[in-house]
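In my numbering, the protein residues as written are 231 to 542. Built from N, CA and C at the ideal position, the CB exists for glycine as well.
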């Protein structure tokens, strides 16, 4: 996994600004490089809804919002709410949801001995943003296989230059021209190469050359924004990368997998916007490419308390 090589970098992801819509951006912060420091200590985003991405360059640090140095912080974001630190290679992301100067620190001795603190500055309330997710996958090889991407956000966005990776392969760009997507709308990528009964799919934000200091590869796993894996067990391609990404809910969990769909079926996202991991996925008897998912009568029973809706 490639990580930011010190310094501050900012990139506007190619959610191209359309009339009445917002551009989505990412700000990258190094954790522990230079030693016992956030770099940059003070970062700023353009809009509320932009994403701050921290990457651990050394071991035993936290990213905890607040000012008092406690393990719990003030509850806005926390890289490990259960307590304890995270180590080199971890990626933690927070999608900004408020304005102002949000202060944070690394808890424990980093705070008391090293004064390891940072600030994220968010301007006044910005417009709503798009939120692209993997929404349905058919991979049985019996019918027309596909991966469906839906906009689960509140604003129209553009999929241009977003990328899709299948079974850990190099991500490709199905959307090389403007592909606007209204809230609740979906697009289908038919028959992507490598799709099989066991594997994974990863959605990557656009990569702009130079957006990560010292890097130039288009497959940087820090840019994964959604992930699903299926098969008889966990450990499918890119699982290790996905379990390190937190928004602040963990994007995937070790050893988990979506239902193994029977021939003629598909797997569909049936959780809420903030659900990640296998709990958000069900097996559907009727594939519905480009249409609303069948989350009312999935092939296996919903667990108690799970919402039977596709969107928020």
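Here the region 341-350 lies against the region 268-276, with 3 or more beta-carbon pairs under 8 Å apart. Following the DSSP letters along the chain, one finds residue 472 inside the alpha helix (DSSP H) bounded by residues 469-472. Taking 7 Å as the cut-off, the beta carbon of residue 409 is found closer than this to the beta carbon of residue 390. In the three-state scheme derived from DSSP, where H, G and I count as helix and E and B as strand, residue 495 is classed as coil. For residue 457, the closest C-alpha among the options 397, 412, 329 is that of 397. Just so you know, the alpha carbons of residue 454 and residue 433 end up roughly 6 Å apart. Our two residues, residue 488 and residue 386, have alpha carbons roughly 28 Å apart in a direct line. By the C-beta density criterion, residue 257 is buried, having at least 16 other C-beta atoms within 10 angstroms. Per DSSP, the unbroken alpha helix (DSSP H) holding residue 342 starts and ends at 339-344.
Residue 292 is positioned such that its CB atom lies no closer than 7 Å to that of residue 320. For the options 379, 499, 506, the alpha carbon positioned closest to that of residue 419 is the one of 379. DSSP, reduced to helix, strand and coil, places residue 403 outside both helices and strands of the structure shown, so it counts as coil. Beta-bridge partners of residue 393 (DSSP): 434.
Contact annotation: the region 322-339 touches the region 273-288, with at least three C-beta pairs closer than 8 Å. DSSP lists 476 as the bridge partner or partners of residue 480. Per DSSP, residue 301 lies in no beta strand (DSSP E) and is assigned neither H nor E.
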